[in-house]
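One structure is given below, encoded as structure tokens.
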Amino acid sequence: MDDLPVLSLIVFTPLLGVLLLLFVPGRAHRAIRWIALAAALGSLVSSLVLLGYDPAGSEFQFREDLPWIEAFGMRYTIGVDGLSMVLVLLTTILSVVSIFYSWEPIRRRVKEYYIAMLVLMTGMLGVFVALDLFLFYVFWEISLFPMYVIIGVWGGPRRIYATVKFVLYTLVGSLLMLVAILAVVIAHAAVGNPLTFGYEALRGFGYADSLQALAFIAFFLAFAIKVPMWPFHTWLPDAHVEAPTAGSIILAGVMLKLGGYGFLRFSLPLLPDAAVSFAPIVIGMAVVAILYGALVSMVQPDLKKLIAYSSVSHMGFVMLGAFVFNEQGLQGAVFQMISHGITTGALFLLVGIIYEQTHDRAIAHMGGLNARLPRYAAIFGLFTFASIGLPGLSGFIGEFLVVLGAFRFNGWVAAAAMLVVIISAVYMLWMFQRVFFTVPSDWMRASWDGLRDMNRNEWIALSPLIVLVVALGVFPGPVLDAIAAPVDRIIDAVNGAGMTGFGPLW
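First residue of the sequence shown? That's 175 in this note's numbering, and the numbers climb one at a time after it.
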């Protein structure tokens with residue numbers, strides 16, 4: 175097993191599916207769907223080997239290191255620690271769910287759709303395992319183009335506007351990230367070190383304060399756009415509203431995590447002094463994002479937009495936890511990323527189920543669905559409660575740890591975060607009540623006889639997410655154990671710079 179290139183199998187099995195699809199006629203929809211699902215399942219099954227990750231072992235495990243573009247110090251170096259391991263598993267699970275759910279809704283240009291989904295899967299997985307900064311950048315770019323295509327071709331009526339906005343934001347972020355990567359690589363080589371893009375070689379190097387500040391700003395803008403943090407979030411609601419259901423699942427469940435992962439893997443360990451210096455600003459922006467996302471969610475008339483803006487708030491918790499620089503905050507940030515991926519991905523899937531039947535997402539047009547769709551209502555309720563952080567479900571663990579870490583940093587910041595937990599419960603439960611328990615609207619009555627409860631494929635797609643949202647809420651220990659060592663290394667990296675916060679609460 176040690177000699178088996180497990181990570182390469184995980185990353186590139188979807189591309190094997192793409193290769194097979196190239197030889198399948200475009201009208202053979204059944205064969206195309208099965209090949210795409212088999213490729214995604216192959217990656218998922220391979221990723222289960224990562225459950226053998228030893229938190230007490232070496233930092234990066236299942237490591238592969240091969241020469242690539244040696245003249246420029248670029249190598250094909252991949253590996254996982256606890257942080258990347260849990261995100262790889264999240265990616266493979268949600269990718270399988272998305273591809274399987276797409277069987278019925280996607281009926282045009284089916285071959286091209288599944289090619290885009292599989293290429294996207296490879297790009298996202300590569301981001302989480304790359305230990306060479308240029309390789310990371312390549313996978314980052316690979317993950318962007320398929321999402322442009324998915325939204326632009328299979329999206330809603332305003333898909334072109336949403337796609338152009340998405341492209342402009344992400345291309346600017348990608349350019350800034352490339353500048354930051356080149357800056358740290360050149361600075362490292364300028365003092366006589368070998369030219370390398372290797373993450374482990376670049377980490378721990380004493381970069382000048384001015385370079386750290388400039389590189390941190392460039393990394394920050396690239397990753398903040400992807401998270402997205404306020405005020406760089408405006409592309410997200412449009413992208414979610416126009417994306418097909420599976421696109422929204424992947425966008426919220428995995429792609430937003432690329433930004434959070436970038437902060438935790440690169441910004442903090444590579445540039446710790448700058449991270450500490452900018453932490454109060456980032457924390458302030460995170461608190462604004464938490465409050466802003468929650469308040470705007472309260473007034474959204476569209477189910478997808480409500481969930482999209484709630485993502486801005488939830489990912490604000492991730493950024494808050496990451497930049498308070500203590501164990502509880504950082505562990506909460508990672509756990510919140512995992513939980514948000516599961517719960518929000520499931521909520522977008524559930525919205526897609528009702529949209530496929532009614533072709534409408536307006537909350538005002540809903541009402542009384544509990545009487546007609548009781549099983550659908552029960553599952554929607556489960557993920558609604560997970561989203562607001564009900565104890566016993568996965569959403570509680572991440573938010574609780576982030577708030578606990580924030581209290582250790584500054585009481586006022588923690589108080590603001592706790593206020594938003596209450597606001598989140600208000601808008602999510604109000605939405606749930608209006609959709610399922612009010613008197614059906616006239617519009618809904620006209621569609622009443624055509625409504626059906628969840629079918630077999632929808633149950634199959636949601637089942638792993640139901641299991642995970644409960645299991646992680648009751649047994650968070652395995653995830654917390656896996657991410658403990660990476661969190662400790664981040665804390666060690668920033669400890670030397672000092673962290674004063676905003677002062678004591680009293």
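The beta carbon of each residue, even a glycine, is placed where N, CA and C say it ideally should be.
In this text the structure is predicted, and so the values were computed from the model without any measurement.
The alpha helix (DSSP H) that contains residue i, what's its start and end?
{"i": "Tyr-275", "result": "256 to 275"}
{"i": "Glu-286", "result": "284 to 303"}
{"i": "Pro-320", "result": "307 to 328"}
{"i": "Phe-452", "result": "446 to 472"}
{"i": "Thr-408", "result": "Taken as a continuous stretch (DSSP letters only), Thr-408 belongs to no alpha helix (DSSP H), as it is neither H nor E."}
{"i": "Pro-418", "result": "Segment: none, Pro-418 is in no alpha helix (DSSP H) and carries neither H nor E."}
{"i": "Arg-608", "result": "585 to 610"}
{"i": "Tyr-381", "result": "Taken as a continuous stretch (DSSP letters only), Tyr-381 belongs to no alpha helix (DSSP H), as it is neither H nor E."}
{"i": "Trp-633", "result": "630 to 648"}
{"i": "Ala-354", "result": "333 to 363"}
{"i": "Met-429", "result": "Run containing Met-429: none; DSSP gives neither H nor E here."}
{"i": "Arg-439", "result": "Element bounds for Arg-439: n/a, residue is neither H nor E."}
{"i": "Pro-614", "result": "Here Pro-614 belongs to no alpha helix (DSSP H), and DSSP marks it neither H nor E."}
{"i": "Arg-663", "result": "651 to 669"}
{"i": "Met-493", "result": "477 to 497"}
Thinking C-beta only, is residue j closer than 8 Å to residue i?
{"i": "Ala-417", "j": "Ile-324", "result": "yes"}
{"i": "Ala-656", "j": "Met-259", "result": "yes"}
{"i": "Gly-347", "j": "Leu-307", "result": "no"}
{"i": "Trp-404", "j": "Met-459", "result": "yes"}
{"i": "Ile-184", "j": "Ser-220", "result": "yes"}
{"i": "Tyr-466", "j": "Val-486", "result": "yes"}
{"i": "Ser-568", "j": "Ala-580", "result": "no"}
{"i": "Val-254", "j": "Val-223", "result": "no"}
{"i": "Trp-409", "j": "Lys-478", "result": "no"}
{"i": "Gly-330", "j": "Val-428", "result": "no"}
{"i": "Gly-380", "j": "Ala-659", "result": "no"}
{"i": "Leu-194", "j": "Ile-209", "result": "yes"}
{"i": "Gly-434", "j": "Arg-249", "result": "no"}
{"i": "Phe-557", "j": "Leu-603", "result": "no"}
{"i": "Ala-482", "j": "Ser-598", "result": "no"}
{"i": "Leu-215", "j": "Val-270", "result": "yes"}
{"i": "Leu-642", "j": "Ile-516", "result": "yes"}
{"i": "Val-358", "j": "Leu-369", "result": "no"}
{"i": "Val-148", "j": "Gly-519", "result": "It is not possible to answer for residue 148, since the shown part of the chain is limited to 175 through 680."}
{"i": "Leu-654", "j": "Gln-531", "result": "no"}
{"i": "Ala-590", "j": "Val-576", "result": "no"}
{"i": "Val-470", "j": "Leu-430", "result": "no"}
Assuming residue i and residue j form a contact by the criterion Cβ under 8 Å, report the distance between their Cβ atoms to the nearest whole angstrom.
{"i": "Gln-502", "j": "Arg-439", "result": "About 20 Å; that fails the 8 Å criterion."}
{"i": "Ala-361", "j": "Leu-385", "result": "5 Å"}
{"i": "Leu-425", "j": "Met-321", "result": "7 Å"}
{"i": "Ile-571", "j": "Phe-509", "result": "5 Å"}
{"i": "Thr-296", "j": "Leu-189", "result": "5 Å"}
{"i": "Lys-285", "j": "Val-192", "result": "In fact, because the Cβ distance is near 10 Å, the residues do not count as touching under 8 Å."}
{"i": "Ala-507", "j": "Gly-490", "result": "Between Gly-490 and Ala-507 the Cβ distance is about 11 Å, and since that is not below 8 Å, they are no contact."}
{"i": "Leu-547", "j": "Leu-625", "result": "6 Å"}
{"i": "Val-353", "j": "Ala-387", "result": "Wrong, their Cβ atoms sit about 14 Å apart, outside the cutoff."}
{"i": "Met-351", "j": "Tyr-311", "result": "7 Å"}
{"i": "Phe-397", "j": "Ser-441", "result": "7 Å"}
Should residue i go down as buried or exposed, given a rule of 16 or more other Cβ atoms within 10 Å for buried?
{"i": "Val-492", "result": "buried"}
{"i": "Val-365", "result": "exposed"}
{"i": "Thr-251", "result": "buried"}
{"i": "Val-594", "result": "buried"}
{"i": "His-153", "result": "Because the chain here runs from 175 to 680, residue 153 falls outside it and cannot be looked at."}
{"i": "Val-447", "result": "The residue asked about is misnamed: residue 447 is Asp in this sequence, not Val. Buried: at least 16 other Cβ atoms inside 10 Å."}
{"i": "Tyr-275", "result": "buried"}
{"i": "Arg-549", "result": "exposed"}
{"i": "Pro-475", "result": "exposed"}
{"i": "Trp-680", "result": "Residue placement at Trp-680 is flagged as unreliable, the pLDDT there being 28, under the threshold of 50; a coordinate-derived value is accordingly withheld."}
{"i": "Ile-664", "result": "buried"}
{"i": "Tyr-343", "result": "buried"}
{"i": "Ala-552", "result": "exposed"}
{"i": "Ile-334", "result": "exposed"}
{"i": "Val-648", "result": "exposed"}
{"i": "Trp-277", "result": "buried"}
{"i": "Pro-650", "result": "buried"}
{"i": "Ser-484", "result": "buried"}
{"i": "Met-175", "result": "The predicted position of Met-175 is uncertain, since its pLDDT is 48 and thus under 50; a value taken from the coordinates is nonetheless stated next. That one is exposed."}
{"i": "His-533", "result": "exposed"}
{"i": "Trp-586", "result": "exposed"}
{"i": "Arg-207", "result": "buried"}
{"i": "Gly-300", "result": "buried"}
{"i": "Gly-677", "result": "For Gly-677, the predicted model reports a pLDDT of 35, less than 50, meaning its position is unreliable; a value from the coordinates is still stated below. With fewer than 16 Cβ atoms within 10 Å of its Cβ, Gly-677 is classed as exposed."}
Report whether the distance from the Cβ of residue i to the nearest heavy atom of the ligand SAM is below 7 Å.
{"i": "Ile-267", "result": "The ligand SAM is not among the ligands present in this structure, which contains no ligands whatsoever."}
Taking only runs of the beta strand (DSSP E) that begin and end inside the segment 516 to 566, which ones reach a length of at least 3 residues, in chain order? none
In chain order, which beta strand (DSSP E) runs of at least 3 residues are fully inside the segment 185 to 255? 235 to 243 and 248 to 254
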